[in-house]
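All residue numbers in the sequence shown are consecutive under this note's numbering, ending with 463.
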Amino acid sequence: MTNRLFAFFDRDHSGKVDFNEFLMAASLMTPGTPAQKLALMFMLCDFNQDGFLSRSEEPLDEYIKHLKIVSIVRQKQREGLIRSRLAGAAVAKGDVIIFLDSHIEATEGWLEPLLDPILQNRTFVVTPVIETIDDTTFKYMPIPVTVISTGGFDWNLQFDWHPMSDRERERRKHHLEPIRTPTMAGGLFAISKSYFYELGSYDAGMDIWGGENLELSFRIWMCGGTLVISPCSHVGHIFRKRSPYKWSDEVNVVRKNSVRLAEVWLDEYKKYYYQRINNNLGNYGDITSRKLLREKLQCKSFKWYVTEIYPELSLPEDTKTLGEIRNFYADFCVDANTHPNSFNKSVISYPCHNEGGNQFFMLTKIGEIRRDHGCLEYSGGIADINKDDKVLVLSCHGEKGNQYWIYNENNQIYHPASNSCMTLSNDSEHIQMQVCDLSNAAQKWSWTQRLLNETNNT
Numbered sequence: 006m007t008n009r010l011f012a013f014f015d016r017d018h019s020g021k022v023d024f025n026e027f028l029m030a031a032s033l034m035t036p037g038t039p040a041q042k043l044a045l046m047f048m049l050c051d052f053n054q055d056g057f058l059s060r061s062e063e064p065l066d067e068y069i070k071h072l073k074i075v076s077i078v079r080q081k082q083r084e085g086l087i088r089s090r091l092a093g094a095a096v097a098k099g100d101v102i103i104f105l106d107s108h109i110e111a112t113e114g115w116l117e118p119l120l121d122p123i124l125q126n127r128t129f130v131v132t133p134v135i136e137t138i139d140d141t142t143f144k145y146m147p148i149p150v151t152v153i154s155t156g157g158f159d160w161n162l163q164f165d166w167h168p169m170s171d172r173e174r175e176r177r178k179h180h181l182e183p184i185r186t187p188t189m190a191g192g193l194f195a196i197s198k199s200y201f202y203e204l205g206s207y208d209a210g211m212d213i214w215g216g217e218n219l220e221l222s223f224r225i226w227m228c229g230g231t232l233v234i235s236p237c238s239h240v241g242h243i244f245r246k247r248s249p250y251k252w253s254d255e256v257n258v259v260r261k262n263s264v265r266l267a268e269v270w271l272d273e274y275k276k277y278y279y280q281r282i283n284n285n286l287g288n289y290g291d292i293t294s295r296k297l298l299r300e301k302l303q304c305k306s307f308k309w310y311v312t313e314i315y316p317e318l319s320l321p322e323d324t325k326t327l328g329e330i331r332n333f334y335a336d337f338c339v340d341a342n343t344h345p346n347s348f349n350k351s352v353i354s355y356p357c358h359n360e361g362g363n364q365f366f367m368l369t370k371i372g373e374i375r376r377d378h379g380c381l382e383y384s385g386g387i388a389d390i391n392k393d394d395k396v397l398v399l400s401c402h403g404e405k406g407n408q409y410w411i412y413n414e415n416n417q418i419y420h421p422a423s424n425s426c427m428t429l430s431n432d433s434e435h436i437q438m439q440v441c442d443l444s445n446a447a448q449k450w451s452w453t454q455r456l457l458n459e460t461n462n463t
């Protein structure tokens with residue numbers, strides 16, 4: 006028997022679209038689901054104050070009367086996703102808990118392949134193939150089983166998707182076999198209820214949401230479990246353009262959660278995350294109980310995780326220089342989003358903020374200026390100030406060429422392929438490539454931490 010847990014609260018002041026999304030998710034959970042496999046579906050109401058539920062609970066209450074197996078758990082104050090899910094898990098009565106976002110649509114036959122790996126081994130945690138539903142038209146966009154991606158993360162401790170590794174393709178005997186994934190997105194997954202609590206459930210010291218999916222992913226693998234994607238279970242998901250939560254200005258919630266994760270699970274690798282946030286850990290609360298949990302479960306090291314579970318992970322090793330790239334001429338830094346969604350976009354300059362993030366870059370041993378999987382690349386000739394040649398972010402290829410840079414003893418960032426130097430534009434708004442000029446302060450850059458001296462001259 007299974008329990009399904011939705012956590013929700015009103016996300017739009019108009020309420021109209023959100024109510025439709027919500028009812029779609031509620032009504033499409035039960036068709037095609039064998040009654041003997043379903044105990045109850047709990048909807049976790051996270052103290053709604055705006056939108057359709059604030060005006061009246063009657064529309065929702067009236068609607069779910071017809072669903073019979075649905076029950077609402079209402080929070081007395083806003084708790085966020087993590088603690089709302091914990092509240093739902095506490096009242097769940099089935100053998101398996103299925104956590105689901107509220108803005109989803111399950112396809113016919115989604116449940117059985119989600120449960121089967123758990124029935125074979127209770128330490129398996131299973132996610133469906135997550136497909137996209139357009140947030141405006143509700144058009145459903147399926148993913149073929151031959152191109153399913155697996156979960157990863159970057160050193161900002163943010164989840165990302167990657168093509169299935171060659172190693173995993175070789176391990177699987179056929180394309181219907183569950184796919185091992187280093188991490189999960191966290192919005193949709195099934196887990197044995199007893200194993201969920203045996204493993205330590207969620208970290209209740211984390212706030213709202215953010216980082217809990219990686220923390221649980223690492224814990225599953227490091228503490229003896231297995232995290233997989235079921236290729237035969239498909240659930241559509243509406244991906245929002247913005248977060249519905251009102252974040253506090255006083256606490257960076259995602260950072261707090263990520264630091265808790267790093268302190269408990271990353272061992273010596275936590276330095277790579279702390280470099281990204283300029284070692285500004287902030288107040289992350291008491292983690293004593295979580296460290297004791299790791300000791301009690303006799304979990305493996307994060308080095309084991311990197312070696313055995315995620316050897317494809319890019320490690321910031323053999324780094325010559327790292328940190329923000331600050332210009333001598335003006336208090337502006339090189340700034341770029343290196344997520345694959347931002348590939349082929351221009352690198353910009355932006356006032357330095359000392360927070361790392363999009364202003365954190367590494368100069369690798371082979372001369373790449375990179376962060377995670379994105380590298381700075383220049384493919385033009387020597388540009389003058391009126392020419393529209395831009396430094397772009399592209400996928401790192403490791404072959405030098407247009408992605409090869411030298412940070413020289415004159416504090417210039419030299420590009421051998423074009424025999425030019427990175428230059429801050431006169432208006433400080435752009436990054437340009439110009440003829441190298443030692444007298445030009447706009448070509449002088451301070452890189453926060455210079456680990457190895459680069460002595461090449463231009």
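Ideal Cβ positions, reconstructed from N, Cα and C, are used throughout, including at glycine.
*Rounded separation between Ser-61 and Gly-85 - CA only*: Position 56 of the sequence shown, counted from the start, is the residue given in the question as residue 61. Position 80 of the sequence shown, counted from the start, is the residue given in the question as residue 85. Here Ser-61 scores only 46 on pLDDT, less than 50, and its place in the model should not be relied on; the value that follows carries that caveat. Between Ser-61 and Gly-85, the C-alpha separation is close to 21 Å.
*Gly-406: buried (16+ other C-beta within 10 angstroms of its C-beta) or exposed?*
Here residue 406 refers to the residue found at position 401 when the sequence shown is read from its first residue. Exposed, by the Cβ-count rule.
*Give the DSSP-derived three-state secondary structure of Lys-178 in the structure shown.*
Residue mapping note: residue 178 aligns to position 173 of the sequence shown, counting from 1. Annotated three-state conformation of Lys-178 is coil, per DSSP.
*So does the segment 196 to 216 actually touch the segment 170 to 178, counting three or more Cβ pairs closer than 8 Å?*
The way I'd put it, the segment 196 to 216 doesn't touch the segment 170 to 178; fewer than three beta-carbon pairs between them come closer than 8 Å.
*According to DSSP, is Tyr-334 helix, strand or coil?*
For the purposes of this step, residue 334 is taken as the residue at position 329 of the sequence shown. Three-state result, Tyr-334: coil.
*Are the segment 342 to 350 and the segment 436 to 443 touching by the rule of at least three beta carbon pairs closer than 8 Å?*
Too few Cβ pairs lie closer than 8 Å, so no.
*Using the rule of at least 16 other Cβ atoms within 10 Å of the residue's Cβ for burial, across every protein chain shown, is Thr-141 buried or exposed?*
Indexing the sequence shown from 1 puts residue 141 at position 136. Taking every protein chain shown into account, the CB of Thr-141 has fewer than 16 other CB atoms within 10 angstroms, so this residue is exposed.
*State the Cα-Cα distance for the pair Leu-271 and Phe-307, rounded to the nearest angstrom.*
Here residue 271 corresponds to residue number 266 of the sequence shown, with the count starting at 1. Here residue 307 corresponds to residue number 302 of the sequence shown, with the count starting at 1. Spanning the two alpha carbons is a distance of roughly 5 Å.
*Which residues in the same chain as Cys-228 place their Cβ atom closer than 7 Å to its Cβ, once the five residues preceding and following it in sequence are excluded?*
Taking the sequence shown and counting its residues from 1, the one referred to as residue 228 is at position 223. Within the same chain, Leu-204, Leu-302 and Cys-304 come within 7 Å of Cys-228 by CB-CB distance, once the 5 residues on both sides are set aside.
*According to DSSP, which residues form a beta bridge with Pro-356?*
Within the sequence shown, numbered from 1, the residue matching residue 356 stands at position 351. The bridge partners DSSP lists for Pro-356 are Phe-337.
*At 4 residues or longer, and completely inside the segment 163 to 225: list those alpha helix (DSSP H) runs for me, N to C.*
Restricted to the segment 163 to 225, the alpha helix (DSSP H) segments that are unbroken, complete and at least 4 residues in length are 171 to 176 and 198 to 203, listed in chain order.
*Quickly, what does DSSP pair Val-130 with across the bridge? List them, please.*
The residue given as residue 130 occupies position 125 in the sequence shown. Beta-bridge pairing by DSSP links Val-130 to Leu-232.
*State the beta-bridge partners of Val-440 as determined by DSSP.*
The count along the sequence shown starts at 1 and reaches residue 440 at position 435. Val-440 is not bridged by DSSP to any residue.
*Cβ pair Ile-243, Ile-330 closer than 8 Å*: The count along the sequence shown starts at 1 and reaches residue 243 at position 238. The count along the sequence shown starts at 1 and reaches residue 330 at position 325. For Ile-243 and Ile-330, no; Cβs fall outside 8 Å.
*asked:* Measuring only the C-alpha atoms, how far is Ile-135 from Leu-381?
replied: Here residue 135 refers to the residue found at position 130 when the sequence shown is read from its first residue. Here residue 381 refers to the residue found at position 376 when the sequence shown is read from its first residue. Rounded to whole angstroms, Ile-135 to Leu-381 spans 31 Å at the Cα level.
*I think Trp-160 touches Tyr-315, with their Cβ atoms under 8 Å apart; what is that distance to the nearest whole Å?*
To locate residue 160, count along the sequence shown from 1; it is residue 155. To locate residue 315, count along the sequence shown from 1; it is residue 310. The Cβ separation is near 12 Å, so there is no contact.
*asked:* Can you check which of these residues, Lys-275, Ala-447, Asp-340 and His-378, is closest to Ser-430 by C-alpha distance?
replied: Numbered from 1 along the sequence shown, position 425 holds the residue referred to as residue 430. Closest option to Ser-430, Cα to Cα, is Ala-447.
*Taking His-378 as the reference, which of Leu-320, Pro-421 and Gly-192 has the closest Cα?*
Position 373 of the sequence shown holds residue 378. Cα-wise, what sits closest to His-378 is Leu-320.
*Flag this pair as touching only if the segment 84 to 103 and the segment 224 to 238 have three or more C-beta atom pairs under 8 Å; answer yes or no.*
Cβ pair count under 8 Å is below three, so no.
*asked:* In this structure, how does DSSP classify Trp-270 when only helix, strand and coil are distinguished?
replied: Reading the sequence shown from its first residue, position 265 is the one you call residue 270. Per DSSP, reduced to three states, the secondary structure at Trp-270 is helical.
*Any idea if Asn-288 is buried or exposed, counting beta-carbon neighbours within 10 angstroms, 16 or more meaning buried?*
As a first step, residue 288 is located in the sequence shown; it is residue number 283 there, counting from the start. Exposed, by the Cβ-count rule.
*Ends of the alpha helix (DSSP H) at Ala-95?*
Counted from its first residue, the sequence shown places residue 95 at position 90. Ala-95 -> alpha helix (DSSP H) spans 85 to 96.
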